[in-house]
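Peer 1: The opening position of the sequence shown corresponds to residue 0 in the numbering used here, with each subsequent residue numbered one higher. Here a beta-carbon is modelled for each residue, glycine too, at the ideal position from N, C-alpha and C. Below are the structure tokens for one structure; questions will follow.
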Amino acid sequence: MASLQEFILSLKEKDLQRSDDIDKLLTNFQISFEDCKKYAFVKDSKGCSRNLIFDEPEVCRITLSVWKQGFQNKIHDHGQSNCYFKVLRGSLEETHFPNGGLIADTVYEEGQVCQMTDTGACHQMKNIHDGYSVSLHVYIPPFDSCYTYDVPGGAAIHVTPSFISRYGFAVDRESRRLLDL
Ligand SMILES: [Fe+2]
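If you want it as structure tokens, here you go:
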């Protein structure tokens, strides 16, 4: 757990309104899946399970996502939030849509960090690993709702993503701890 806690402490010490090196911080900390295992829950009805680890309102939020094999989420934005994620297990493919344009798909393997900090951008992610993938996400500031799109630049659908666990505790009986990958 040490590395995850140290990472959170380091984040707290930063002026997150101004800091532009969160990606480097996330890259340099050797956070492993084992560090975050207590937060890893899955739910049969969810292709991507979101788990809340840390939340400082209006400042920063850290979450853990567990992706089922082959699952791809919808194209979405993050409101006004900057997003960073690190792959802890498996591999994720990210398709980035800067203001409606298209950047080629990029594959992020274990230990690699991706960021979406360009205003108005959207992205879409897919688990291309042969099994679960797990990713650690940092949102600055947190957001509680965002928009999804069926096609790039298409009609915006307002959504409120939910968590299946908070601070290491399941929110309902359907959420179960991920014991093996
Ligand atoms: Fe995202």
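Would you list the one or two residues that DSSP bridges to Ser90?
Peer 2: To locate residue 90, count along the sequence shown from 1; it is residue 91. Glu108.
Peer 1: The alpha helix (DSSP H) with Asp22 in it runs from where to where?
Peer 2: Taking the first residue of the sequence shown as 1, we reach residue 22 at position 23. Segment Ile21 to Asn27, the alpha helix (DSSP H) holding Asp22.
Peer 1: Can you tell me which residues fall inside 7 Å of ligand 1, judged by beta-carbon distance to its nearest heavy atom, and keep chain order?
Peer 2: Every residue passing the under-7 Å Cβ criterion appears here: His75, His77, Cys82, Met115, His122 and Met124.
Peer 1: Would you call Asp76 buried or exposed, if buried means 16 or more other Cβ atoms sit within 10 Å of its Cβ?
Peer 2: Within the sequence shown, residue 76 is the residue found at index 77, counting from 1. Asp76 should be labelled buried.
Peer 1: Rounded to the nearest angstrom, what separates Asp22 and Phe84 at their Cα positions?
Peer 2: For this step, residue 22 is matched to residue 23 along the sequence shown. For this step, residue 84 is matched to residue 85 along the sequence shown. For Asp22 and Phe84, the distance between alpha carbons rounds to 8 Å.
Peer 1: Which two residues bound the contiguous beta strand (DSSP E) that contains Glu33?
Peer 2: For the purposes of this step, residue 33 is taken as the residue at position 34 of the sequence shown. No beta strand (DSSP E) holds Glu33; the alpha helix (DSSP H) holding it covers Phe32 to Cys35.
Peer 1: Candidates Phe32, Leu178, Ile30 and Arg165: which alpha carbon is nearest Arg49's?
Peer 2: Along the sequence shown, one-based indexing puts residue 49 at 50. When each option's Cα is compared against that of Arg49, the closest is Arg165.
Peer 1: At what residue ranges does the stretch 117 to 177 contain a whole run of the beta strand (DSSP E), taking only runs of 3 or more?
Peer 2: The stretch 117 to 177 contains these whole beta strand (DSSP E) runs: 121 to 126, 132 to 139, 145 to 148 and 155 to 158.
Peer 1: Looking at the structure shown, is Lys73 part of a helix, part of a strand, or coil, going by DSSP?
Peer 2: One-based indexing of the sequence shown puts residue 73 at position 74. Here Lys73 sits in coil by DSSP.
Peer 1: Tell me which residue opens and which closes the beta strand (DSSP E) that Leu63 is part of.
Peer 2: For the purposes of this step, residue 63 is taken as residue 64 along the sequence shown, with counting starting at 1. Taken as a continuous stretch (DSSP letters only), the beta strand (DSSP E) holding Leu63 covers Cys59 to Trp66.
Peer 1: Short of 7 Å in beta carbon distance, which residues of its chain neighbour Ser9, apart from the five on each side in sequence? Order them along the chain.
Peer 2: For the purposes of this step, residue 9 is identified with residue 10 of the sequence shown, where counting begins at 1. Around Ser9: Leu24.
Peer 1: Once DSSP output is grouped into helix, strand and coil, what is the label at Lys42?
Peer 2: Within the sequence shown, residue 42 is the residue found at index 43, counting from 1. Correct three-state label for Lys42: coil.
Peer 1: Measure how close the beta-carbons of Ser64 and Ser134 come, nearest whole angstrom, since I'm counting them as under 8 Å.
Peer 2: If you number the sequence shown from 1, residue 64 lands on position 65. If you number the sequence shown from 1, residue 134 lands on position 135. The pair is a contact, with the Cβ atoms about 5 Å apart (cut-off 8 Å).
Peer 1: Within 10 angstroms of its Cβ, does Glu173 collect 16 or more other Cβ (buried), or is it exposed?
Peer 2: Within the sequence shown, numbered from 1, the residue matching residue 173 stands at position 174. Classification of Glu173: exposed, given that the 10 Å Cβ count is below 16.
Peer 1: To the nearest angstrom, how far is the alpha carbon of Leu3 from that of Glu33?
Peer 2: Residue 3 sits at position 4 when you count from the first residue of the sequence shown. Residue 33 sits at position 34 when you count from the first residue of the sequence shown. About 10 Å.
Peer 1: Just tell me which of Phe40, Glu55, Lys37 and Val41 has its CA closest to the CA of Val137.
Peer 2: Within the sequence shown, numbered from 1, the residue matching residue 137 stands at position 138. Cα-wise, what sits closest to Val137 is Glu55.
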